[in-house]
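J.: I'd like to ask you about the structure that follows.
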Amino acid sequence: MTELRNCPAPAKLNLFLHVNGRRADGYHLLQTVFQLIDHGDTLHFTLRDDTALRRVTDLPGVPEESDLIIRAARLLQGEVLRRTGALPRGVDIAIDKVLPMGGGVGGGSSDAATTLMALNKLWNAGLSKRELMDLGLPLGADIPFFIFGETAFAEGVGEALQPVSAPQCWYVVIEPGVMVPTAAIFGSEHLTRDTPLVNISDFSSHSRTSAFGKNDLQQVATKLFPPVAEAVEWLSAYGDARMTGSGACVFSAVATEADADAVLAKVPAKWIAWKAQALQQHPIIAKL
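Structure, rendered in structure tokens:
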């Protein structure tokens with residue numbers, strides 16, 4: 005095998021996101037439910053005749069060397085070298101980029117996770133799911149979830165994961181047109197950091213899981229970025245609307261694709277909006 009093409013890197017939504025505290029190292033302690041959805045980027049991997057790792061698609065504003073895709077590939081390449089004493093062949097990586105940067109839908113982390121899973125296969129590296137999750141965690145707290153590959157109740161900094169059931173529904177997602185820097189949200193003095201702990205059964209037994217809890221980051225983001233507040237207010241007319249992650253994307257659950265289409269038909273033209281169905285499992289699993 006010399007290439008793996010059409011490798012999906014799906015988006016995620018945080019169905020709720022509570023900030024419960026802060027560790028001594030500055031990282032925040034969270035509780036959330038991660039939901040995969042069938043909308044995302046697509047990556048293509050082709051082995052090279054040397055050992056270079058190259059991103060062959062230009063991404064404005066994202067230098068190749070700082071891209072999580074390349075950083076993830078380099079981490080795995082180094083791990084293979086450590087285990088086998090031989091450096092695996094290099095790779096050209098192309099990406100069909102769909103997910104917005106600074107959108108809270110996990111675009112960069114999902115791309116990195118797909119890179120780790122695809123190259124583990126392409127290089128015959130033989131790392132387990134847990135080993136890939138541990139390898140990816142230093143690059144981003146969301147990366148282990150995408151490798152975990154199913155709807156998850158997450159705690160800690162987002163790396164302690166348990167499978168959980170969530171509705172088979174559709175989502176309407178609005179991109180408010182701003183890029184929200186995660187550090188600005190978590191660094192705000194106005195961020196709530198003491199939301200009481202919940203447990204997985206609190207979420208699972210809730211009569212409407214799409215309305216469970218809240219996103220503690222939303223209050224800060226909507227103050228700093230008015231377009232996010234405007235999108236939440238508009239979408240709230242059609243259901244329980246909230247922000248995902250640290251923003252900027254805003255979503256609401258609907259029962260059917262027809263319901264999603266009805267809302268999308270009314271979205272103001274100034275916003276990018278799309279629909280997506282909940283996924284129970286990462287689509288790359290079937291490919292690998």
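Residues 5 to 292 in this note's numbering are what the sequence shown lists, from first letter to last.
Ideal Cβ positions, reconstructed from N, Cα and C, are used throughout, including at glycine.
Who are the Cβ neighbours of residue 51 in its own chain at under 7 Å, not counting the five residues just before and after it?
T.: Taken in chain order, the residues that qualify are 6, 7, 93, 95 and 126.
J.: Does the beta-carbon of residue 67 have 16 or more other beta-carbons within 10 angstroms, so that it is buried, or is it exposed?
T.: Exposed, because fewer than 16 other Cβ atoms sit within 10 Å of the Cβ of residue 67.
J.: At the level of alpha carbons, what is the spacing between residue 274 and residue 71?
T.: About 29 Å.
J.: Under 8 Å: do the region 118-134 and the region 162-176 share three or more Cβ pairs, one atom per stretch?
T.: The region 118-134 vs the region 162-176: no contact.
J.: Could you check where the beta strand (DSSP E) with residue 68 kicks off and where it finishes?
T.: Taken as a continuous stretch (DSSP letters only), residue 68 belongs to no beta strand (DSSP E), as it is neither H nor E.
J.: Where does residue 35 fall in DSSP's three states?
T.: In the structure shown, residue 35 sits in a strand (DSSP, three-state: E or B).
J.: Roughly how many angstroms separate the alpha carbons of residue 179 and residue 83, rounded to a whole number?
T.: Computed Cα separation, rounded: 37 Å.
J.: Would DSSP call residue 25 helix, strand or coil?
T.: Strand.
J.: Look at the Cβ atom of residue 173, then the Cβ atom of residue 262, and state whether they are nearer than 9 Å.
T.: No, they are not a contact pair.
J.: Just to confirm, is the Cβ distance from residue 65 to residue 105 under 9 Å?
T.: In contact: residue 65 and residue 105 (Cβ atoms closer than 9 Å).
J.: Assuming contact is defined by CB atoms lying nearer than 9 Å, are residue 37 and residue 216 in contact in what I supplied?
T.: Closer than 9 Å, so yes.
J.: Entirely within the region 63-128 and at least 4 residues each: give me those alpha helix (DSSP H) ranges in chain order.
T.: Qualifying alpha helix (DSSP H) stretches, in chain order: 72-88 and 111-126.
J.: Helix, strand or coil for residue 19, going by three-state DSSP, please let me know.
T.: Strand at residue 19.
J.: Please list the terminal residues of the continuous alpha helix (DSSP H) segment that includes residue 139.
T.: Run containing residue 139: 133-140, per the alpha helix (DSSP H) assignment.
J.: Please classify residue 285 as buried or exposed, where buried requires at least 16 neighbouring CB atoms within 10 angstroms.
T.: Residue 285 is exposed by the Cβ-count criterion.
J.: With 16 as the cutoff for other CB atoms within 10 Å, does residue 193 come out buried or exposed?
T.: Exposed, since its Cβ has fewer than 16 Cβ neighbours within 10 Å.
J.: Are residue 25 and residue 198 closer than 9 Å when you measure CB to CB?
T.: A contact, by the Cβ cut-off of 9 Å.
J.: Roughly how many angstroms separate the alpha carbons of residue 79 and residue 238, rounded to a whole number?
T.: Using only the alpha carbons, I get a separation of about 42 Å.
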